[in-house]
Amino acid sequence: MVIAVLGATGQLGSELLAVWGEDAVGLSRDRLDLQDPKTVDAVLDEVEPEVVVNAAAYNQVDRAESEPATAMAVNALGPRQLARSCASRGIRLVHISSDFVFGADPNRREPYTESDETGPLGAYGVSKLGGELYVRSGCPDHLVVRTCGLYGHGARRRQGGGNFVETMLRLAEAGGPVRVVSDQWCTPTSTTVLAASIDALIGAGCRGLYHATCAGSTNWWEFAGEIFKRSDAEVDLEAITSREFGAEARRPQYSVLDCGRLVRDTGYTPPGWQFALAEYLDTREPVPE
């Protein structure tokens, strides 16, 4: 089975290529640009995949507030074209979405299921929800996978890349106090766990909408504390509110996802976020100069 992976140089894309090996064809933006329909059709005809995984995205949450058109072009209109192209060729489309499609309910404290009403708070979340809807309506053979707080080794290998874990480790090396929000609850998820979830979903022939994250929940301050603890880093870690942090875009106060459907339909049970973090840190290799 040939699986084409869009966003091949990103955190998730590089992880999927490692999982699928010779079965996977990595497609970076310079070869297939979601904003250029001609490249989409040309590459699909050339590669002739049975499955396309769209791991490409505009993920600059704060910048999206001033660049909403760009976020929509990549995260919504691009997947719309991809869905149409896959549908016309009988190709199965796997699209990666986000917990940021939720957040409008400030009182939520129960994990979201796939059937819960969405309600994004900012331009990024709106664009990701748009992508979901276009894929679900435009390609009958689809699989939409929402995830949360993604981090992976691919970010360290890519120039200009990064993730929350790497940011915390850099701040620890720099010294001085580190201030992290403690009122946003989610489930940090490693690309290793998400890739295993996607592989299990494809292998089981699953279709429709699924949530895939590590197990459990935490807030970013607690997550940072766990990173420092497992890295033996002495850091003055201060808990602050989202208001004190003052990010341009609003984030969900609670966006934990219920992955029960994933477990039931595939038999794969994601590990807890603490276990996944420990594995990430244990397998973290120096980046070549």
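Okay, so the sequence shown: first residue is 816 according to the working numbering, each after it adds one.
Ideal Cβ placement from N, Cα and C applies to all residues, glycine included.
> What are the partner residues of histidine 968, as DSSP defines its beta bridges?
Replying inline: Indexing the sequence shown from 1 puts residue 968 at position 153. In the DSSP output, where bridge partners are listed per residue, histidine 968 has none listed.
>> Give me, in chain order, the residues of the same chain whose beta-carbon lies closer than 8 Å to that of leucine 984; leave out the 5 immediate sequence neighbours on both sides.
In response: On the sequence shown, position 169 is the one that residue 984 refers to. These residues qualify, in order along the chain: Ile1042, Ser1046, Ala1048.
>> Quick check for students: name the residue ranges of the alpha helix (DSSP H) that lie wholly in the segment 1024-1050, counting only runs of 4 or more.
In response: Restricting attention to alpha helix (DSSP H) runs no shorter than 4 residues, the segment 1024-1050 encloses them at 1035-1045, ordered along the chain.
> Are there 16 or more other CB atoms within 10 angstroms of the CB of aspartate 914, so buried, or fewer, so exposed?
Replying inline: In the sequence shown, counting from the first residue as 1, residue 914 sits at position 99. Answer is buried; the Cβ neighbour count reaches 16.
> In terms of residue numbering, what span does the alpha helix (DSSP H) encompassing arginine 961 cover?
Replying inline: Position 146 of the sequence shown, counted from the start, is the residue given in the question as residue 961. It is not in any alpha helix (DSSP H) - arginine 961 instead sits in the beta strand (DSSP E) that spans 957-962.
> Just curious, the alpha helix (DSSP H) that glutamate 1161 is in, first and last residue?
Replying inline: The question about residue 1161 has no answer, for the chain in this structure spans 816 to 1104.
> Across which residues does DSSP place valine 840 in a beta bridge pair?
Replying inline: Reading the sequence shown from its first residue, position 25 is the one you call residue 840. Looking at the DSSP assignment, valine 840 forms a beta bridge with Ala819.
> Between which two residues does the alpha helix (DSSP H) carrying valine 789 extend?
Replying inline: Residue 789 cannot be examined here, being either before or after the span of the chain that is shown, 816 to 1104.
> Taking the C-alpha atoms as reference points, what is the distance between glycine 1040 and arginine 961?
Replying inline: Numbered from 1 along the sequence shown, position 225 holds the residue referred to as residue 1040. Numbered from 1 along the sequence shown, position 146 holds the residue referred to as residue 961. Approximately 26 Å, taken between the alpha carbons.
>> Bridge partners for glycine 1087 per DSSP, in chain order?
In response: As a position in the sequence shown, residue 1087 is number 272, starting the count at 1. Looking at the DSSP assignment, glycine 1087 forms a beta bridge with Ala1030.
> For arginine 904, which three-state DSSP category applies?
Replying inline: Here residue 904 corresponds to residue number 89 of the sequence shown, with the count starting at 1. Collapsing the DSSP output to three states places arginine 904 in a helix.
> If you follow the alpha helix (DSSP H) that valine 1078 is part of, which residue opens it and which one closes it?
Replying inline: The residue you call residue 1078 lines up with position 263 of the sequence shown. Here the alpha helix (DSSP H) through valine 1078 covers 1075-1081.
> Excluding the five sequence neighbours on either side, which residues of its own chain have a C-beta within less than 7 Å of the C-beta of methionine 816, listed in chain order?
Replying inline: The residue given as residue 816 occupies position 1 in the sequence shown. Result list for methionine 816: Asp838, Glu865, Val866, in chain order.
> What residues in its chain sit with their C-beta under 7 Å from that of methionine 1138, if we drop five residues either side in the sequence?
Replying inline: This structure leaves residue 1138 out entirely; the chain is present only between 816 and 1104.
> Where does valine 1071 fall in DSSP's three states?
Replying inline: Residue 1071 sits at position 256 when you count from the first residue of the sequence shown. Here valine 1071 sits in coil by DSSP.
>> Taking only three categories from DSSP, how would you classify threonine 824?
In response: Counting from one through the sequence shown, the residue named residue 824 turns up at place 9. Threonine 824: coil per DSSP, three-state reduction.
> What is the DSSP secondary structure of valine 993, counted as helix, strand or coil?
Replying inline: What you label residue 993 is simply residue 178 of the sequence shown in a count that begins at 1. It is a strand residue.
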